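Using the UniProt record's numbering, you'd call the opening residue of the sequence shown number 1 and step up by one each time. Built from N, CA and C at the ideal position, the CB exists for glycine as well. Keep in mind that this is a model prediction, so the values were computed, not measured. Written below as structure tokens is the structure these notes are about.
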Amino acid sequence: MYGESRGKPIMTTTLKKITYAIPSINVSYSLRLTASVLLSWLASFELNLDKPYWSIMTAIIVCLPSDGAVFTKLMARLAGTLCGVVTITIFANINFNDPILLSLAIIIWMCFCGYLAALNARNLSYFFALSGYTVALLGFSLSAAPEPQTVFFITQARFSEVVVGLIAVAIISYLFPSRVDREKYDNAINKNKADIAIFFEQCLLPDKDIILTKIHSLLNRTLTLKQVIENLRAAPFLHKTDDKTHYTVNIPGRLRSIIESAILHALYTDLKKSTSIASLIDINSSEGTPKLENHSLTMKERYFLYYYNKSKHSALFLNPTSESRQEHQLIKAKYRDYSEAFRGALRVFFSISLGVFFWLSTDWTSGVILPILISIICSLFITNPIIEKLLILVALVTLLACITSFIFLFYAFIGYSEIFPAIISFLSFIVAVSILQMKGEVLFAILFVYMIETVFLIGFTNPMTFDFSSFANSCLAVLTSIGILIIIFYLVPPGSSKNKIARMRTALTNRYCKRLGTYESHRLSGYIYSMIPHAEAIPSTPEKDALLKTEVNGLLILKTLAEANEALGHPLALPKTIESLDQLAEFDFSIPVIIDAMNAAAPDEYVYWWQLYAIISRAFDV
1 MYGESRGKPI MTTTLKKITY AIPSINVSYS LRLTASVLLS WLASFELNLD
51 KPYWSIMTAI IVCLPSDGAV FTKLMARLAG TLCGVVTITI FANINFNDPI
101 LLSLAIIIWM CFCGYLAALN ARNLSYFFAL SGYTVALLGF SLSAAPEPQT
151 VFFITQARFS EVVVGLIAVA IISYLFPSRV DREKYDNAIN KNKADIAIFF
201 EQCLLPDKDI ILTKIHSLLN RTLTLKQVIE NLRAAPFLHK TDDKTHYTVN
251 IPGRLRSIIE SAILHALYTD LKKSTSIASL IDINSSEGTP KLENHSLTMK
301 ERYFLYYYNK SKHSALFLNP TSESRQEHQL IKAKYRDYSE AFRGALRVFF
351 SISLGVFFWL STDWTSGVIL PILISIICSL FITNPIIEKL LILVALVTLL
401 ACITSFIFLF YAFIGYSEIF PAIISFLSFI VAVSILQMKG EVLFAILFVY
451 MIETVFLIGF TNPMTFDFSS FANSCLAVLT SIGILIIIFY LVPPGSSKNK
501 IARMRTALTN RYCKRLGTYE SHRLSGYIYS MIPHAEAIPS TPEKDALLKT
551 EVNGLLILKT LAEANEALGH PLALPKTIES LDQLAEFDFS IPVIIDAMNA
601 AAPDEYVYWW QLYAIISRAF DV
């Protein structure tokens, strides 16, 4: 566990013990971030780097409460920066004598990277975003100073500053590892297990809203466990794993358990119209597991008890390991909103183009900062969608950053003849803001922008300069870039919740639901699972409720088809009139067909047709 020190230096172990002894995760994150900023600042000055503020900004961006997130983001930033450096070197050699053509190439590259970043999540998204704005940062700087020697000088300078920030964060994360991943893991695992058991019990209650109000959020919380486990596995050198678990959780198995409980509720809802469920469960308790061949009960009653025992065992005794490779497909399929990604790329194109036009048409000496800032802010929006929704609040925070940086630069720093008093005053600011960051997700995102902008506007250079004209130009550029983005977001706004829901339904129907009987059901299930987090992020509306019902019914229907295929040795023969999941889940269309198939089915197929009937009729409260 955490305190073990076998084969490790005593000092490292002692530092880790000190970290784990800090009672508050908020304070622990704040101290780690502050130490990373301090180390990157001192290292940059000691190495005589040109603009240490890039090292400090890198430390703030990469240092996160989770060590796993730190490690993956660190690698994504390093790879993205390298990709950007190589790309701009190629662009500069091809279009060096034509700044307009170079600017156009940069804008197109930024749009391409923004599109890919919007389509992907987490590390890949950050990699593409970094590849884009690194090219913008270096490329527009080259446009302002088109000399051959500047290509190497600027690229190596910015890359060196980024690497120093990354190394600083890596060192601090190793010396003072976070315990947030392990605590999240322990809490989430235990709570999720209890939630699944409670959900099973609730599925034996006559609650008509249980499917829509309970199952979707429970599925989403279970899928979130995957992220917690990935964070733990991402930085194995920081955590000693427990030999019994190795942070292994059968996420597909837990999802399967939830779906089985929901199917049990559908069977319960239909069967209770003609049978006493309590009496059936009493028979089950007195006889143990009843045989399906027990002819003292009807076929439906026998199958209900069989499914009751099956889902109960699955819910109360979660298997820690996966049972089949096929189940891993449940968490590999991805839903991507291509339309929203394209709109994001359009906003990037128009925003940067407007910034370049403003810069070139006004002959603004410091105007080169404008397209660079717009590129960086666009990347922040793409990788942090929550910031995109708070654009006006970001504008207010930008004003606050201008005031804060002015106070630091022209009141605090200018009065110190030594660097260390300046460091102490600025680190106090980092400590206070980072503690506030941990008070909520929205506050974390907004204060993250606040710290980045403050560092940029202070402009930690080596040596420090106190030029008010340069500072005023930087503030004007930041405010202008926010103004341009507000205009572009007004002209090309993000898609409405209604349109997002419509696209999800269309994607589910057109891309994955045609010829349902021949398509691999586990892949389609995985695609629906990947939609769940997207749907959870949409505000509650009647359209969203309809989408949730479609998703849940789809998962239950696909599970039924998979069970039938496994038990019968062949797929359940769906009528030719049913070609899509929408048709199968449409009550007026499918119920008569299913009733006919159920009446004509062989005994071994009858229960699966009944299961489909129970799921669909339950969905329409029949």
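Below 8 Å, enough C-beta pairs join the stretch 607–617 and the stretch 551–559 to call them touching: three or more. If you compare the alpha carbons of S178, P99, W609 and A117 with that of L142, the shortest gap goes to P99. In terms of Cβ geometry, W54 and R158 form a close pair [threshold 8 Å].
A distance below 6 Å between beta-carbons, with the five flanking residues on each side excluded, links A117 to the following residues of its chain, in chain order: S125, F128, A129 and I382. Counting along the chain, the unbroken alpha helix (DSSP H) around I56 starts and ends at Y53 to V62. Here S474 really is in contact with G459; their C-beta atoms are around 7 Å apart, less than 8 Å. Under the 8 Å Cβ criterion, the stretch 60–73 does not count as touching the stretch 488–508, having fewer than three qualifying pairs. Contact between the stretch 556–573 and the stretch 598–611 is present, with at least three C-beta pairs closer than 8 Å. In the three-state reduction of the DSSP assignment, R618 falls in the helix class. Shown here, R179 sits in coil according to DSSP, grouped into three states, outside any helix or strand.
Assigned with DSSP and collapsed to three states, H216 falls in helix.
Distance from the CA atom of A69 to the CA atom of A234, rounded to whole angstroms, is 8 Å. Within 10 angstroms of the beta-carbon of V442 lie fewer than 16 other beta-carbons, which makes it exposed. By the Cβ criterion, the stretch 461–476 is in contact with the stretch 403–413, since at least three pairs of Cβ atoms, one from each stretch, lie closer than 8 Å. Counting only residues of its own chain and dropping the five nearest sequence neighbours on each side, L137 has a CB closer than 6 Å to the CB of I372. Contact check for R77 against I172 fails: the beta carbons are separated by 8 Å or more. For L479, the closest C-alpha among the options A401, I108 and P533 is that of A401.
Runs of alpha helix (DSSP H) with 4 or more residues, each lying fully within the stretch 434–481, are found at 441–458, listed in chain order.
As the crow flies, the alpha-carbon of T362 is around 15 Å from that of S481. Counting other Cβ atoms within 10 Å of its Cβ, T222 reaches 16 or more and is therefore classed as buried.
A distance below 6 Å between beta-carbons, with the five flanking residues on each side excluded, links M299 to no residue of its chain. Residue environment analysis places I501 among the buried positions, since at least 16 neighbouring C-beta atoms fall within 10 angstroms of its C-beta. For A477, the CB contacts under 8 Å within the same chain, skipping 5 residues up- and downstream, are S366, G367, I369, L370 and L373 in chain order. Under the criterion of beta carbons closer than 8 Å, C63 and V169 qualify as touching, at roughly 5 Å. The criterion of a C-beta distance shorter than 8 Å is not satisfied by N499 and N48.
For H534, the secondary structure class from DSSP, reduced to helix, strand or coil, is helix. If the five residues before and after P603 are omitted, its C-beta is found closer than 8 Å to the C-beta atoms of M299, all from its own chain and listed in chain order.
Counting along the chain, the unbroken alpha helix (DSSP H) around L267 starts and ends at I251 to L271. By alpha-carbon distance to F45, the top candidate from S160, I258, F140 and T155 is S160.
Between S257 and A315, the C-beta gap is smaller than 8 Å, which places the two residues in contact.
In the three-state DSSP reduction, D186 falls in the helix class (H, G or I).
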